[in-house]
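So for the sequence shown, our numbering puts the first residue at 19; every next one is plus one.
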Amino acid sequence: MVENSIGYFALPLGVVPEFPVNGKTWNLPLATEEPSVIAAAAYAGKILSKAGGLAAEAEPALMKAEIFIENSQLTPTEFLKEFRIPLENALEPHLATMNARGGGLRDITVRRLPLTGVLLIQILVNVCDAMGANLLNSLAEKTAPLIEGWTGGRKLMAILSNNADQRLARARFSIPVDQLAKAGVSGEEMGRRLEMAWKVAGEDPDRAITHNKGIMNGITAFALATGNDTRALEASVHIYAQRTGTCKPLSTFHVENSNLIGEIELPLSLAVVGGAMGMHPQAQAHLKALGNPNAQEISALAAALGLAQNFAALYALVGEGIQKGHMALHARRLAFQAGARGNQVDTTAARIAEKGVFNHQGAEEALKDLSGS
């Protein structure tokens, strides 16, 4: 799969069991090194299942190829008037497979970049169940010479855009606030705090970045476990969060008629064919276990997972704090690193937490205490 390969670098693989989306329960595979991520998603799923779960949907898989032309005096209007139909005809043979699957060409746009003067031709394609990188790169490179001839200019670059802003996924839940009560705090107060946490993220970009990172904890782990391109995914999501000129939270939370309503919208270029998943038997097995969803279905699941992950994090943050649960899991990891095995892991972790020293030395001392040496 890669050049100069010397082996494999493994990550822990876990499952979020019985995750409630669109009236069904799903066992979602997550590949991540970060503790608490899977536990938080599972916890959120359990809470939200009592309120009907989450509803989610995703738009068709529209992606763009871009051809950048230098030294052309042709205006965008002139290009579209004279060469739109010839370009559509030139694209047709390269999109035959996508057309047969219900995808294919959806639009052609042209604009001139104001600072460089470069003419930008964008080709919008429904790539169906694929991520679309290879198709769009080939499409751009094969049509670029024709465009050079038509415009009298010279190709600078021809490549896909990873901006999936026309491939949006959405999820939503509604839960009565009285189901949010915890640790002596009323459900009404927890609902107010959750809404306030979202508002704070809307005012403070530094908080919004961390807010959105929490959303991606689950989505990126799910993408990795299903063989998807996590770098393209993250790049598109984070530029979408800044579409107003500053980083904003991708999710929203507000209380309405004594219900906490959580919603999310974000671009997700998740695929179920091609790329690494076509060569990775474990990714293929995970997709099969999910019932072989299409690209829209897997993107909808990812959006719901991201919203639930975010809800769980905020629910802890505005309640007992995020470190309580996280440090309990961290203690187990420290116990294992110190040499604890089997039942020793939990007892050593409990001793670490009791002493409150969360480092390697503290773990070794806790293990010695329990072994009597």
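Cβ coordinates follow ideal geometry from the N, Cα and C atoms, glycine included.
Chain-order list of residues whose beta-carbon lies under 8 Å from that of residue i (same chain, five-residue window excluded)
| i | result |
| --- | --- |
| R130 | T93, P94, V136, L137, L138 |
| V18 | Given that the chain is displayed from residue 19 to residue 391, the structure contains no residue 18 and the question cannot be resolved. |
| A307 | N45, P47 |
| E338 | K200, A201 |
| V363 | R350, A353, F354 |
| A16 | With the chain running from 19 to 391 in the structure shown, residue 16 is simply not present. |
| F376 | M345, H348, A349, L352, I370 |
| G41 | G71 |
| H298 | M19, G245 |
| A59 | V34, F37, L46, L48, G236, L323, A326, Q327, A330 |
| F410 | Given that the chain is displayed from residue 19 to residue 391, the structure contains no residue 410 and the question cannot be resolved. |
Own chain, CB closer than 7 Å to residue i, minus 5 neighbours either side, in chain order
| i | result |
| --- | --- |
| I177 | E84, N155, A158 |
| R185 | E77, A79, L80, M81, P285, L286, S287 |
| G232 | Q327, N328, A331 |
| A322 | V39, L72, A74, A189 |
| V203 | G337 |
| P267 | W216, A219, G220, A226, H229, N230 |
| P194 | A69, S276, N277 |
| V145 | A79, M81, M116, G121, L153 |
| L460 | Not covered by the structure: residue 460. The range shown for the chain is 19 to 391. |
| N312 | D147, V290 |
Given residue i as reference, the closest of the options once Cα atoms are compared
| i | options | result |
| --- | --- | --- |
| V291 | F37, A303, L284, E281 | A303 |
| T244 | G121, R188, V20, A294 | A294 |
| A148 | A289, Q184, E283, A334 | A289 |
| T169 | Q91, L305, G70, R359 | Q91 |
| S389 | F376, R359, N377, V375 | R359 |
| E274 | L212, L133, Y333, A322 | L212 |
| H272 | W216, K42, M297 | W216 |
| A182 | V203, S54, A151 | A151 |
| H378 | G357, A368, E372 | G357 |
| L105 | L123, E21, E88, Y61 | L123 |
| I237 | P223, K386, S254, E221 | S254 |
| G171 | G121, A239, N89, E52 | N89 |
| A28 | M19, T50, N22, V34 | T50 |
| Y258 | G374, E382, I282, R102 | I282 |
| L174 | A368, I87, E36 | I87 |
| R102 | G205, D125, R119, A334 | D125 |
| A187 | A118, A318, P111, L113 | A318 |
| M234 | E52, K99, E96, N22 | E52 |
Boundaries (first-last residue) of the alpha helix (DSSP H) holding residue i
| i | result |
| --- | --- |
| L268 | Per DSSP, L268 belongs to no alpha helix (DSSP H) and is neither H nor E. |
| A250 | 248-259 |
| P299 | 299-307 |
| L325 | 313-335 |
| I227 | 223-243 |
| I24 | Counting along the chain, I24 falls outside any alpha helix (DSSP H), and DSSP gives it neither H nor E. |
| G63 | 55-67 |
| G380 | 378-389 |
| N392 | For residue 392 there is no data in the structure shown, the boundaries of the chain being 19 and 391. |
Beta-carbon contacts of residue i that lie in its chain and below 6 Å, excluding the five residues immediately before and after
| i | result |
| --- | --- |
| A301 | T244, G245, M295 |
| Q140 | K82, E84, T127 |
| A108 | T161, L164 |
| S179 | K82, E84 |
| S67 | P38 |
| Y61 | A330 |
| D196 | G205 |
Residue i Cβ short of 6 Å to the ligand GTP heavy atom set
| i | result |
| --- | --- |
| A226 | Absence of the ligand GTP is noted for the structure shown, with no ligands found whatsoever. |
Buried/exposed call for residue i, threshold 16 Cβ in 10 Å
| i | result |
| --- | --- |
| P467 | The requested residue 467 is not part of the displayed model; the chain covers only 19 to 391. |
| T366 | buried |
| Q314 | buried |
| I264 | The identity of residue 264 in the sequence shown is Thr, whereas the question assumes Ile. Burial call: exposed. |
| M208 | buried |
| H229 | buried |
| G167 | exposed |
| V336 | buried |
| N310 | exposed |
| M116 | buried |
| S269 | buried |
| G324 | buried |
| L133 | exposed |
| S54 | buried |
| I316 | buried |
| G374 | exposed |
| P30 | exposed |
| I56 | buried |
| Y26 | exposed |
| A118 | exposed |
| A381 | buried |
Start and end residues, beta strand (DSSP E) containing residue i
| i | result |
| --- | --- |
| N45 | 42-49 |
| F37 | 31-39 |
| N277 | 277-285 |
is_contact[residue i, chain D] using C-beta, thresh 7 Å
| i | result |
| --- | --- |
| V34 | Protein chains in the displayed structure number just one, and chain D is not present. |
Entirely within the stretch 147-199 and at least 4 residues each: give me those alpha helix (DSSP H) ranges in chain order. 151-169
For a minimum of 4 consecutive residues, which ranges assigned as the alpha helix (DSSP H) are wholly contained in the stretch 69-141? 94-109, 114-118
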